[in-house]
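Here the structure is laid out as structure tokens; the discussion comes afterwards.
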Amino acid sequence: MMCLFVLKLIEVKSEGGAMVQKYYAVYRGRQPGIYTSWPECQRQVQGFLGARFKSFPSKAQAQAWLDQGGNLDGSLNAKPQLVSRQPEEYDLVIYTDGGSRNHGNYRGGHVLNDDKAAWAFVAFTKQKQILVEATNGEYGATNNKMEVTAFLQALRYLEQLGRFNLKVLFVLDSRYVLDAVTKGWLNSWQRRNWRKADGQVVLNQELWQAVAQLLPKFTNLDYSWTKGHANNQGNLYVDQLLNRTMDQM
Numbered sequence: 001m002m003c004l005f006v007l008k009l010i011e012v013k014s015e016g017g018a019m020v021q022k023y024y025a026v027y028r029g030r031q032p033g034i035y036t037s038w039p040e041c042q043r044q045v046q047g048f049l050g051a052r053f054k055s056f057p058s059k060a061q062a063q064a065w066l067d068q069g070g071n072l073d074g075s076l077n078a079k080p081q082l083v084s085r086q087p088e089e090y091d092l093v094i095y096t097d098g099g100s101r102n103h104g105n106y107r108g109g110h111v112l113n114d115d116k117a118a119w120a121f122v123a124f125t126k127q128k129q130i131l132v133e134a135t136n137g138e139y140g141a142t143n144n145k146m147e148v149t150a151f152l153q154a155l156r157y158l159e160q161l162g163r164f165n166l167k168v169l170f171v172l173d174s175r176y177v178l179d180a181v182t183k184g185w186l187n188s189w190q191r192r193n194w195r196k197a198d199g200q201v202v203l204n205q206e207l208w209q210a211v212a213q214l215l216p217k218f219t220n221l222d223y224s225w226t227k228g229h230a231n232n233q234g235n236l237y238v239d240q241l242l243n244r245t246m247d248q249m
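Here the sequence shown stands for residues 1 to 249, numbered as in UniProt numbering.
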């Protein structure tokens, strides 16, 4: 089954219609300074140990941040936090979800090779229009694997857009994914060579490694938890997408 992407390109503009200009201040990187595009900034910080950088709406603010020592409070590479802002504040709101007809992530659970599983994500614009939706399925995968796969596929879509400074809100019902990203688990796993605190190997390691490579590319990602199968329409939409995929397998 092939992954389906339905997309329309969008431009981020100010209320007056002009493209929004951002300034990227690099306090610690290959060449500290102020840059006017994310690709320029990215070349200075990606893969640079201990990089410090942040985006600003004006050059003066960027310079002031550098002059004050590059305080990391609220910086681009600070640990992400769960937020409770309104979706209308974002350029895109992305819902991701994963499911398995067996759910092998519970105690004593076992996923059979022919058990159906699927993931899905959908991205809405500020105008609440669907920009893209995608889904795919596989056999013998756990619920958790599908949850992180959905998140990874959404990140890959954002990478394809090439708009790394879009203000994006991810809405998930998966504590497995959210805790890894917002509680620092992902960073800890990397430091321990992809082992947990108890020494056990991190499950779904290849997927998490791909997530870890992609996340630093984006400058404005926020995260919000929602209860699954409740009254959040975006969450219900992706749940329907992935269940339809499993029905067709």
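For glycine and all other residues, C-beta sits at the position ideal for the given N, C-alpha and C.
Remember, it's a predicted structure, so these values are computed and weren't measured experimentally.
Asked: Return the CA-CA distance between W185 and D179, expressed in angstroms with no decimal places.; Found: 7 Å
Asked: Could I get the ranges of all uninterrupted beta strand (DSSP E) runs contained in the segment 23–63, with 3 residues as the minimum, in chain order?; Found: 23–28, 33–35, 52–56
Asked: Using the C-alpha atoms, what's the distance from A154 back to V211?; Found: 10 Å
Asked: Pull up the CB-CB distance for W189 and K196, whole angstroms please, since I reckon it's below 8 Å.; Found: 7 Å
Asked: Which residues share a DSSP beta bridge with Y95?; Found: V122, V171
Asked: Look at the alpha carbon of D67 and the alpha carbon of A51, and state the distance between them as a whole number of angstroms.; Found: 16 Å
Asked: Could you give the uninterrupted runs of the alpha helix (DSSP H) lying entirely in the segment 198–246, keeping only those of 4 residues or more?; Found: 205–214
Asked: What residue does the beta strand (DSSP E) around L131 start on, and which one ends it?; Found: 130–139
Asked: Terminal residues of the continuous alpha helix (DSSP H) containing N187?; Found: 185–191
Asked: Based on the DSSP output, what are the partners of K116 in its beta bridges?; Found: Y139
Asked: Kindly indicate which residue of Q21, V122, Q61, G140 has the alpha-carbon position closest to the one of L169.; Found: V122
Asked: Which residue wins for smallest C-alpha separation from G228, given the options L221, T36, D239, T219?; Found: D239
Asked: What are the partner residues of R195, as DSSP defines its beta bridges?; Found: V201
Asked: Would you report the Cα separation of L172 and Y95, rounded to the nearest angstrom?; Found: 6 Å
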